[in-house]
Structures are given as structure tokens and as C-alpha cells.
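See structure below.
Number of protein chains: 2
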Amino acid sequence: MADRNSALMSGVPELLVLSLLAGREMYGYEIARSVKLISRDALVIGEGVLYPALHALESRRLLRAKRTRVDGRTRIYYSLTVRGRARLAKLSEDWRRVSRGVASILGEGSHG
Amino acid sequence: MADRNSALMSGVPELLVLSLLAGREMYGYEIARSVKLISRDALVIGEGVLYPALHALESRRLLRAKRTRVDGRTRIYYSLTVRGRARLAKLSEDWRRVSRGVASILGEGSHG
DNA sequence: GGGGTATACCTTGGGCCACGAGGTATCGTA
DNA sequence: TACGATACCTCGTGGCCCAAGGTATACCCC
């Protein structure tokens, strides 16, 4: 099964997470709010998607985790590893390819 | 559970099929080749994805099927129903929303 | 007649992943 | 005391994608 590489799409949550963390380290709850905020409500990433994704990303060594305590609450800050940056580069390119591809089909279809 | 409506993404094959059929009626094999051709190899829709998708779309009354015989081979031409057009409109809008959303996150991340 | 390629349809099995729902705990506030 | 925001988490369901494999016709070449 190779590595779910050339999938048509999928993996958007992973892409969002990696992309945000490329800018600075963030914690889960903050990532969820940021996605909603930056995309102006176009995208919402649920916690049932986010946390498992973060754990998977960490165990795949794409993210590094740092536990801290703020105001009595636990926060886990995540940052990109080198492998994470490579993965981000690949996923971004995949996304652009698919995005352009879909646009080309939509264009064809609509103007007839 | 509602109708897999507000999904983050997914459903790209369905979108492609509906979009192509909005232009003119086509048969399965032709759709597969067209996707590859129009997208300049950016997108490839396998037959294991395409045919089940076409059947599902037909049973949901989004497509209409018309069996014909050409040169001794069977072709099944599909065309959009009214419901299919409505579905296409919705999926296109969803796609544009997600696409813009992802772009906004990628933009933030890369120059941040 | 045998082999290869293109056309044209199909199903099955497996697996990934998104999602909703629900759970724990702290803090501030009304 | 109850609620909402913050902050983490898991589980079960189900959708959907995919590779692989299967059937059959037409055409070409040798």
C-alpha cells in the first residue's frame, strides 16, 4: 500500500496543522481556533479530528510536543520537526496540484 | 446522520463527475480519460472509484443512465438530473469555500 | 491462432480518516 | 451552584478511496 501518497485529496486537516505550526509553535485548542479565525469560518477542525491527528503526527515524528502548565491548565505546545517541514512541503505541493486540477475541470464544465 | 454535508473536503470524485456531466453526457471510461486529460495528469480517477461512484450517483437520482451499444461494446451514457445540477452547485460552492480557506491558512503559514 | 493493446464494463476487501458524541478537569463569574 | 470558556482526551460509526482482479469485444500484427 505504498504510503497513501498520491491520494486524490484527503489529509486536509494534517496540512492545516503543519502549515500553522510552520509559523510558530501552538497548542491544540489554539490551532482549532486559529483555523476557524484565519479562514473566516470557512474551515472548522473538530477536536475529534484535531487531537488524534496531533498524536499521530507526533508518533510519526513530524511534530515535537512540549507539555506546559498555564493558569492551572495543561497545554501541549507542538512544533515542526525537520521531517515535518519536509512533509509540509510535499502536502502543500500535492494540494496545489489537486486544487489546480479541480479548477481546470470546474472551468471546463461551467462554460460548457 | 444528516448527509455528509459539511465535510471538510472529500467528495472530489463526485464533484469531478458532476462537473464534467454538466457540459454534456458522457460514459464512464470517457470520464476517466477526460479527467486525466483536462487536468493534464494532475488528477487521475481510478475505475475502482469511478464506477461505484456512478452507480451511487444514479441510485441517488443525481444521474440518469442510458445504455447503448457501439462497435459491439456496451456504453452507459450518464447525464445530470435536476437534482444532480443542484448537487453540483452545492459541491462547487463547498469546494470553493474549502479551497479559499486552505489557501488562507497556507498563506499565513508560509510568510509568517 | 496467438499475443498484445485499447476499449468498456464490473466487484471485492481493506484501510484510512473525518466526524459527532461524550468524558475529565480547571478557571472565572454570576 | 451553575454555566461558559479553556484545554485535554477517546470511542464508534461510517464514508470513501484505492489497488487488484475479473469479464468481454475489437483491432492489429505475426
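These protein sequences, in sequence, are chains A and B.
Note that the working numbering has the first sequence beginning at 270, numbered continuously upward.
Note that the working numbering has the second sequence beginning at 270, numbered continuously upward.
Ideal Cβ positions, reconstructed from N, Cα and C, are used throughout, including at glycine.
The structure presented is a predicted model; accordingly, all values stated were derived computationally and were not measured.
Query                                                                                               : Result
For A/Ser-279 and B/Glu-316, the rounded distance between their alpha carbons                       : 18 Å
Selection of the segment 354-368 of chain A by Cβ proximity to chain B, strictly under 9 Å          : Leu-357, Ser-361, Trp-364, Arg-365, Arg-366, Val-367, Ser-368
Rounded C-alpha distance that separates B/Val-304 from B/Ser-328                                    : 23 Å
Local Cβ density within 10 Å of A/Ala-301, reported as buried at 16 or more and exposed below that  : buried
A/Leu-285, enclosing alpha helix (DSSP H) - first and last residue                                  : 281-292
Residue of B/Gly-341, B/Leu-375, B/Gly-353 minimising C-alpha distance to B/Ala-334                 : B/Gly-353
Inside the segment 314-369 of chain A only - alpha helix (DSSP H) runs reaching at least 4 residues : 316-328
Opening and closing residue of the alpha helix (DSSP H) in which A/Ala-311 lies                     : Here A/Ala-311 belongs to no alpha helix (DSSP H), and DSSP marks it neither H nor E.
B/Val-367 vs A/Ala-311 beta-carbon contact at 9 Å                                                   : yes
Selection of the segment 294-311 of chain A by Cβ proximity to chain B, strictly under 9 Å          : Ser-303, Val-304, Ile-307, Ser-308, Arg-309, Asp-310, Ala-311
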